[in-house]
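Below is one structure, written out as structure tokens; comments come after it.
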């Protein structure tokens with residue numbers, strides 16, 4: 550190899566090395582991190598519950614939502630339901646209007662307080678987490694692709710809710726997108742309308758009104 | 550330069566270049582991204598409003614919270630208030646129980662719907678964003694360190710709410726941490742109790758009950 554070629558090669562590598570070091574420093578950090586979480590299960594079939602779902606993407610909150618009137622004696626008790634979804638699934642949903650494999654939706658039910666501190670009316674959320682449920686899409690594992698799990702504080706895992714429970718049929722028959730109630734998610738519903746991914750059963754429900 | 554030295558230099562740069570390319574690929578992605586957002590202002594003093602606050606850290610939601618009864622005629626109208634905070638501030642708060650400079654809290658008010666789809670009671674959030682406000686800590690810019698801004702859809706920026714507005718005095722007199730109502734944030738309140746960062750005025754309010 551000639552001296553001039555060697556000098557040129559050395560210069561190219563030097564520039565390449567510096568460029569490679571600089572490029573990641575200028576790369577923009579993503580607005581949404583990856584959670585890095587994916588569903589794993591115990592030997593008994595429980596879901597190993599994600600602990601940092603509060604740092605995932607917030608979907609919406611409802612209060613006292615039900616398809617039945619409030620139970621007798623519960624008129625003074627109110628509950629908020631917060632919904633979260635893992636960031637990777639959210640990113641995919643924004644792009645396609647559909648949920649990818651390994652989507653995990655979280656439903657966190659918190660007791661509502663009122664007349665606390667300076668608040669005189671309405672309700673705020675309190676430290677009492679009354680219920681925690683997960684809706685997991687794991688296509689190769691579940692016959693209907695999705696399954697529900699209910700958090701069990703004693704074990705720290707979430708127990709599988711069997712397929713015959715009514716949650717499954719109601720979600721299948723009335724949910725707007727792939728068994729999830731996107732009709733109640735105001736920032737996600739416009740995406741499904743734009744991408745044309747609303748379920749047939751939901752469209753039928755809406756048309757029947 | 551000798552031929553052997555040139556070859557060695559070229560080899561060193563080649564290895565360095567390859568190593569620099571590979572290292573970022575193995576770096577773990579953080580659970581909470583940095584939003585990379587920091588407050589900036591227009592020449593007129595408006596806040597350039599953050600658009601992707603929904604992908605920040607969720608704090609809590611309240612419904613119809615007020616220190617006064619509902620206005621006449623509004624009994625059938627309900628509003629949810631969602632609160633978010635920028636990830637960098639949240640990370641700092643978890644570690645210290647205090648808000649760092651450049652904290653931005655977001656209050657997003659959404660109209661409550663009921664009896665939509667299969668829902669028969671209670672309320673869910675709808676697409677109607679009725680109000681959007683920002684509470685910004687910018688220590689060198691504001692006399693009291695913090696200022697409130699109200700989103701103006703026409704300009705896409707948020708207008709400064711003047712210091713004489715009652716929000717400022719009420720926040721200063723009754724908020725649990727550094728003019729923010731952490732008493733209503735169930736996942737943040739325990740942190741302040743642990744770190745001992747509750748405000749004197751809030752502790753006085755609570756003791757007076």
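Residue numbers (our numbering), protein chains in the order written: chain W, 550 to 758; chain S, 550 to 758. Just so you know, even glycine gets a beta-carbon here, dropped at the ideal spot from N, CA and C.
For residue 686 of chain S, the number of other beta carbons within 10 angstroms of its own is at least 16, and it is reported as buried. The C-beta distance from residue 630 of chain W to residue 610 of chain W rounds to 6 Å, short enough to fall under 8 Å. Per DSSP, the continuous alpha helix (DSSP H) segment holding residue 740 of chain W begins and ends at 738-744. Contact between the segment 648-659 of chain W and the segment 733-744 of chain W is absent, with fewer than three C-beta pairs closer than 8 Å. For residue 642 of chain S, the enclosing alpha helix (DSSP H) begins and ends at 636-645.
Burial check for residue 659 of chain S: the Cβ neighbour count within 10 Å reaches 16 or more, so the residue is buried. At the C-beta level, residue 726 of chain S and residue 700 of chain S stay beyond 9 Å of one another. At a cut-off of 9 Å between beta-carbon atoms, residue 716 of chain W makes no contact with chain S.
Relative to the Cα of residue 583 of chain S, the nearest Cα in the group S/637, S/694, S/554, S/745 belongs to S/637. For residue 563 of chain S, the secondary structure class from DSSP, reduced to helix, strand or coil, is helix. Close to residue 754 of chain W, with beta-carbon spacing below 8 Å, are these residues of chain S in chain order: 666, 667. With its beta carbon at least 9 Å from every one in chain S, residue 588 of chain W lies outside the interface. C-alpha of residue 757 of chain S to C-alpha of residue 745 of chain W: approximately 57 Å in a straight line. By alpha-carbon distance to residue 711 of chain S, the top candidate from S/722, S/691, S/553 is S/691. Looking at W/601, W/639, W/661, the one whose alpha-carbon comes closest to that of residue 679 of chain W is W/661. Restricting attention to S/696, S/673, S/688, the CA atom closest to the CA of residue 682 of chain S is found in S/696. Here residue 749 of chain S is exposed, its C-beta having fewer than 16 other C-beta atoms within 10 Å. Taking the CA atoms as reference points, residue 553 of chain W sits about 21 Å from residue 564 of chain S. When only Cα atoms are considered, residue 731 of chain W and residue 667 of chain S end up about 12 Å apart. Where residue 699 of chain S is concerned, the enclosing beta strand (DSSP E) starts and stops at 695-701.
By the CB criterion at 9 Å, residue 753 of chain S and residue 646 of chain S fall outside the cutoff. Here residue 588 of chain S has 596, 651, 653, 685, 687 as same chain residues with Cβ atoms under 7 Å from its own Cβ, once five neighbours each way along the sequence are excluded.
Closest by C-alpha distance to residue 704 of chain S, out of S/676, S/665, S/590, is S/590.
DSSP links residue 670 of chain W through a beta bridge to S/615.
With respect to the 9 Å criterion, residue 614 of chain S and residue 670 of chain W are classified as neighbours on the basis of their beta carbons. Close CB contacts of residue 639 of chain W within its chain, under the 6 Å cut and outside five residues either way in sequence, are with 606 (chain order). Residue 729 of chain W and residue 714 of chain W have their C-alpha atoms roughly 16 Å apart. For residue 556 of chain S, the closest Cβ of chain W is nearer than 9 Å. By the CB criterion at 9 Å, residue 633 of chain S and residue 602 of chain S fall inside the cutoff.
Straight through space, the alpha carbons of residue 709 of chain S and residue 755 of chain W are spaced by roughly 43 Å. Taking a C-beta cut-off of 7 Å against chain S, the contacting residues of the segment 632-662 of chain W are 659, listed in chain order. Secondary structure at residue 721 of chain W: helix, using DSSP grouped into helix, strand and coil.
When DSSP states are grouped into helix, strand and coil, residue 686 of chain S belongs to the strand group. With a threshold of 16 other beta carbon atoms within 10 Å, residue 598 of chain W meets it and is buried.
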